[in-house]
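Asker: Counting in the working numbering, the sequence shown runs from 152 upward without gaps. The C-beta atom is built at its ideal place from N, Cα and C for all residues, glycine as well. Bear in mind that the values here come from a model prediction, so they are computed numbers and not experimental data. Before we start, here is the structure in question, set down as structure tokens.
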Amino acid sequence: MFDLPAQRAHLSEKYDLTPSPELAASMTDIYDRMSRVVSPVDWAIYAPYVKAIIDLKAERNAVILGHNYMTPEIYHGISDFGGDSLQLAIRATEVEADVIVQCGVHFMAETSKILSPTKTVLMPDMEAGCSLAESITAEGIEEMRTRYPGAPVVSYVNTTAEVKAASDICCTSSNAAQIVAAQDSHTVIMTPDRYLAQNVARDVPQKNVVWWEGSCIVHEQYSASDLRDFRRWNPGTRLIAHPECPPDVVAESDFSGSTSGIIKYVTDEKPEKALLITECSMASNIADELPEVEFVGPCNMCPYMKKITLEKVLFALDTMTGQIEVDADVAVKARQSVQRMIDLSRQLGI
Ligand code: SF4
152 MFDLPAQRAH
162 LSEKYDLTPS
172 PELAASMTDI
182 YDRMSRVVSP
192 VDWAIYAPYV
202 KAIIDLKAER
212 NAVILGHNYM
222 TPEIYHGISD
232 FGGDSLQLAI
242 RATEVEADVI
252 VQCGVHFMAE
262 TSKILSPTKT
272 VLMPDMEAGC
282 SLAESITAEG
292 IEEMRTRYPG
302 APVVSYVNTT
312 AEVKAASDIC
322 CTSSNAAQIV
332 AAQDSHTVIM
342 TPDRYLAQNV
352 ARDVPQKNVV
362 WWEGSCIVHE
372 QYSASDLRDF
382 RRWNPGTRLI
392 AHPECPPDVV
402 AESDFSGSTS
412 GIIKYVTDEK
422 PEKALLITEC
432 SMASNIADEL
442 PEVEFVGPCN
452 MCPYMKKITL
462 EKVLFALDTM
472 TGQIEVDADV
482 AVKARQSVQR
492 MIDLSRQLGI
């Protein structure tokens, strides 16, 4: 469990973290990336943390990976790279850093460690989990193999290292349909997200896609009737859904795509009003880059992602605590599943 008072006492002894409008004013180059969604008052509170983290990052030769679902002060304030989990892990392999700080959830930090085994990977809060990753274990994969003998197992990257190691290949929400279609078997097992699997099954009718019953607690909360009501009350709004949403929600939307697919769609189309049917911070993090688009609610927050705060990032970097370890044999097998996906994606030109 996190000992927040002790953590705060430790930080206040070493850093001046008093809110500072003067410091905030000297860091407008950073603030300009989030000024539409972060108030000046909040920025004055965040600025001392952002400054301390940026200084410490240089001292430790660290890079910070910020997932799209991080809050704007993390995503724009301290991250060297922003993106989805796999984009981030791949970017981290390309830099000469000693330390990776994962601003995301635990399975993402594991993926970074799998792909960068010699780097120290820090997780600012070990309790930042994921309902999808926690829904299945390596035993669950074996159970599916027994139920569907000979069928390949395609696991979403939102899984633990052990599950990746027990699978044949990984997929992301942007390449899932193509990875499934390319399998040399009529029946294909998809884990752990039943909704992603059902959406893929619709797009790849030539395959018999079977799935594990996991789901994302953020995306499963949306319903098709909510979307119909929203459309009736807010005519002209473009509805854009992530494929972790139930299939009837995806069917009600104007576009469905992965986080990077959603960003590309909104950037290219620039709709006057857009409702992103995904995690709340997605819209916040692109709002300043797209001033012509009005992002409207409702949205759902991921409680796991929101466990990551500036304070916890500073503490992890200062004390070098929260180091991620992955068993060497598991890491080798998990890396193979991820690498197979990367190689196949390249081969398919995705
Ligand atoms: S948004 Fe869903 S899939 Fe992503 S970390 Fe949260 S629970 Fe997991």
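In the DSSP output, what is Y166 paired with across the bridge?
Answerer: Within the sequence shown, the letter at position 15 stands for residue 166. None; Y166 has no bridge partner.
Asker: As a quick exercise: from L174, K424, A479, T460, pick the residue whose alpha carbon is nearest that of L441.
Answerer: Indexing the sequence shown from 1 puts residue 441 at position 290. Considering only alpha carbons, the answer is K424.
Asker: Please state the DSSP three-state secondary structure of Q334.
Answerer: In the sequence shown, the residue the question calls residue 334 occupies position 183. Three-state result, Q334: coil.
Asker: In whole angstroms, what separates the C-alpha of V305 from that of C321?
Answerer: Along the sequence shown, one-based indexing puts residue 305 at 154. Along the sequence shown, one-based indexing puts residue 321 at 170. If I take the Cα positions, the gap works out to 5 angstroms.
Asker: Could you tell me if R497 is buried or exposed, where buried requires 16 or more neighbouring beta carbons within 10 angstroms of its beta carbon?
Answerer: Counting from 1 along the sequence shown, the entry for residue 497 is found at position 346. Exposed: under 16 other Cβ atoms inside 10 Å.
Asker: Measuring only the C-alpha atoms, how far is E290 from R296?
Answerer: Locating residue 290 in the sequence shown gives position 139, counting from the first residue. Locating residue 296 in the sequence shown gives position 145, counting from the first residue. Each residue's Cα considered, the two are about 10 angstroms apart.
Asker: Can you look up E217 in the DSSP assignment and give me helix, strand or coil?
Answerer: What you label residue 217 is simply residue 66 of the sequence shown in a count that begins at 1. The sequence shown places Gly at residue 217, rather than the Glu named in the question. Strand at G217.
Asker: Confirm the yes/no value for this check: CB of C321, any heavy atom of the ligand SF4, distance under 7 angstroms.
Answerer: Working through the sequence shown from its first residue, we reach residue 321 at position 170. It does not: the Cβ of C321 is nowhere closer than 7 angstroms to a heavy atom of the ligand SF4.
Asker: My understanding is that E443 touches K421, with C-beta atoms under 8 angstroms, so please give their C-beta distance in whole angstroms.
Answerer: Working through the sequence shown from its first residue, we reach residue 443 at position 292. Working through the sequence shown from its first residue, we reach residue 421 at position 270. Yes, E443 and K421 are in contact; Cβ-Cβ is about 5 angstroms, under 8 angstroms.
Asker: Have a look at Q490 and N309 and give me their C-alpha separation to the nearest angstrom.
Answerer: Numbered from 1 along the sequence shown, position 339 holds the residue referred to as residue 490. Numbered from 1 along the sequence shown, position 158 holds the residue referred to as residue 309. If you take the alpha carbons of Q490 and N309, they lie about 15 angstroms apart.
Asker: Could you check whether the Cβ of Y220 sits closer than 7 angstroms to any heavy atom belonging to the ligand SF4?
Answerer: Translated into positions along the sequence shown, residue 220 becomes position 69. Yes, Cβ of Y220 sits closer than 7 angstroms to a heavy atom of the ligand SF4.
Asker: Leaving aside the five residues before and after V355 along the sequence, list all residues of the same chain whose C-beta is less than 7 angstroms from its C-beta, in chain order.
Answerer: Taking the sequence shown and counting its residues from 1, the one referred to as residue 355 is at position 204. Closer than 7 angstroms at Cβ, skipping near neighbours: A328, V331, A332.
Asker: Three or more C-beta pairs closer than 8 angstroms, one from the region 458–467 and one from the region 237–248: is that the case here?
Answerer: No, the region 458–467 does not touch the region 237–248.
Asker: Taking A467 and G473 to be in contact with their CB atoms under 8 angstroms, please state how far apart those CB atoms are, rounded to whole angstroms.
Answerer: On the sequence shown, position 316 is the one that residue 467 refers to. On the sequence shown, position 322 is the one that residue 473 refers to. Indeed they touch by this definition, with Cβ atoms about 5 angstroms apart.
Asker: What are the start and end residues of the beta strand (DSSP E) that includes I414?
Answerer: Your numbering for residue 414 matches position 263 in the sequence shown. Taken as a continuous stretch (DSSP letters only), I414 belongs to no beta strand (DSSP E), being part of the alpha helix (DSSP H) at 410–420.
Asker: Is the CB of M492 under 8 angstroms away from at least one CB in chain D?
Answerer: Chain labels in this structure do not include chain D; a single protein chain is all it has.
Asker: Verify the contact flag: I428, CB atom, against every heavy atom of the ligand SF4, threshold strictly below 7 angstroms.
Answerer: Residue mapping note: residue 428 aligns to position 277 of the sequence shown, counting from 1. Not under cutoff, so the answer is no.
Asker: Please confirm whether R187 and D249 have their CB atoms less than 8 angstroms apart.
Answerer: Position 36 of the sequence shown, counted from the start, is the residue given in the question as residue 187. Position 98 of the sequence shown, counted from the start, is the residue given in the question as residue 249. No, the pair does not count as a contact, with Cβ atoms beyond the cut-off.
Asker: With DSSP as the reference, label K358 as helix, strand or coil.
Answerer: Residue 358 sits at position 207 when you count from the first residue of the sequence shown. Here K358 sits in coil by DSSP.
Asker: Taking the continuous beta strand (DSSP E) assigned at A392, which residues delimit it?
Answerer: Along the sequence shown, one-based indexing puts residue 392 at 241. Unbroken beta strand (DSSP E) run through A392: 389–392.
Asker: For P484 and E403, I'd like the C-alpha separation in whole angstroms.
Answerer: The sequence position of residue 484 within the sequence shown is 333, counting from 1. The sequence position of residue 403 within the sequence shown is 252, counting from 1. The sequence shown places Lys at residue 484, not Pro. If you take the alpha carbons of K484 and E403, they lie about 39 angstroms apart.
Asker: In the DSSP assignment, the beta strand (DSSP E) including Q253 goes from what residue to what residue?
Answerer: To locate residue 253, count along the sequence shown from 1; it is residue 102. Taken as a continuous stretch (DSSP letters only), the beta strand (DSSP E) holding Q253 covers 250–254.
Asker: Just how far apart, CA to CA, sit H393 and K165?
Answerer: Residue 393 sits at position 242 when you count from the first residue of the sequence shown. Residue 165 sits at position 14 when you count from the first residue of the sequence shown. Their backbone Cα atoms lie some 42 angstroms apart in a straight line.
Asker: Would you grab the beta carbon distance between L239 and H218 for me? Rounded to a whole angstrom, and I think it's under 8 angstroms.
Answerer: For the purposes of this step, residue 239 is taken as residue 88 along the sequence shown, with counting starting at 1. For the purposes of this step, residue 218 is taken as residue 67 along the sequence shown, with counting starting at 1. Confirmed, about 7 angstroms.
Asker: Check for me: the beta strand (DSSP E) holding G234 runs from which residue to which?
Answerer: Taking the sequence shown and counting its residues from 1, one reaches residue 234 at position 83. Looking at the DSSP string, the run of the beta strand (DSSP E) that includes G234 is 232–234.
Asker: Would you say the beta carbon of I368 is closer than 7 angstroms to some non-hydrogen atom of the ligand SF4?
Answerer: Position 217 of the sequence shown, counting from 1, holds the residue named residue 368. Indeed, a heavy atom of the ligand SF4 lies less than 7 angstroms from the Cβ.
Asker: According to DSSP, simplified to helix, strand and coil, what is M341?
Answerer: Residue 341 sits at position 190 when you count from the first residue of the sequence shown. Looking at M341 - three-state DSSP - the assignment turns out to be strand.
Asker: Taking 7 angstroms as the line, does the beta carbon of C254 fall inside it for any heavy atom of the ligand SF4?
Answerer: The residue labelled residue 254 in the question sits at position 103 within the sequence shown. No - the ligand SF4 has no heavy atom lying nearer than 7 angstroms to the Cβ of C254.
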